[in-house]
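Going by our numbering, the sequence shown opens with residue 71, and the numbers climb by one from there. What follows is a single structure, written as structure tokens, with notes after it.
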Amino acid sequence: MKEKPATPEQYDFFAFLSRMRYISRWGLMRNTVPENIQEHSLDVAVIAHALAVIRNTYFAGDLDPGRVALYGIFHDASEIFTGDMPTPVKHFNPNFKRSFHQLEDRARRKLLAMLPPELAKEYEPLFFFDEDGGEYAALVKAADKIAALAKCIEEEKSGNLEFRRAGAEHLEQLSASPLPEVRYFLANFLPGYRLSLDELKLG
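Laid out in structure tokens, this is it:
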């Protein structure tokens, strides 16, 4: 076991993470209820965890739901520095998209540098889980889209048609997903997002 440092040193990693609440999403669109990346990250973590549990329970999966939930928590941490880039801008052309991904990687490295080296090694896999693709990255990506779709549904329920096209596009992409757990979630859990509180079943 390594000894703790004799004198305290200042590390700002967690202070910066706490500022995720100040980074707004959907910057080009009128929001009835504003959403920040801290809120969105929790939604993604919860849904990614659910997708892993659904796969393990119904589709002979062998994933670690806790691991994918952690990936969901940290998947947008780089936006503390980059902000939430609107999708049409991010995908403006391949060169810009590639440059933006490089910027995201630099932002992650900057955050990791705010930790003691021993702790940075522990957090690095949580920040770069998507580098080799794989099952976990696919689940986080799907959960990210489901969370975005839920946001679109919430806005449409409030009478805000600004999100109608985005919602339709996300639903179309998710409906074509090869992942059975995604289709299961859409069929069994997505309808509840369209209901009012009074309409939701309490058991």
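Just so it is clear, CB atoms sit at the ideal spot from N, CA and C, and this is done for glycine as well.
For my contact list, Leu256 and Ala122 are in at a C-beta cut-off of 8 Å; report their separation, rounded to the angstrom.
Wrong, their Cβ atoms sit about 16 Å apart, outside the cutoff.
Just verifying my parser: in three-state terms, what is the DSSP assignment at Asn106?
The three-state secondary structure of Asn106, taken from DSSP, is strand.
Give me the Cα-Cα distance between Pro186 and Phe198, rounded to the nearest whole angstrom.
Between Pro186 and Phe198, the C-alpha separation is close to 18 Å.
CA nearest to the CA of Phe129, picked from Leu267, Val252, Pro261, Phe83
Restricting attention to Leu267, Val252, Pro261, Phe83, the CA atom closest to the CA of Phe129 is found in Val252.
Bridge-paired residues (DSSP) for Ser94:
Beta-bridge pairing links Ser94 to Asn106.
For a test of your reading of the model: does the CB of Lys215 fall under 8 Å from any non-hydrogen atom of the ligand COA? Yes or no.
This structure does not include the ligand COA; it has no bound ligands of any sort.
Of all the alpha helix (DSSP H) runs that stay within the bounds of the stretch 122 to 157, which reach a length of 4 or more residues?
Taking 4 residues as the shortest admissible run, the stretch 122 to 157 contains the following complete alpha helix (DSSP H) segments, listed from N- to C-terminal end: 135 to 144, 149 to 152.
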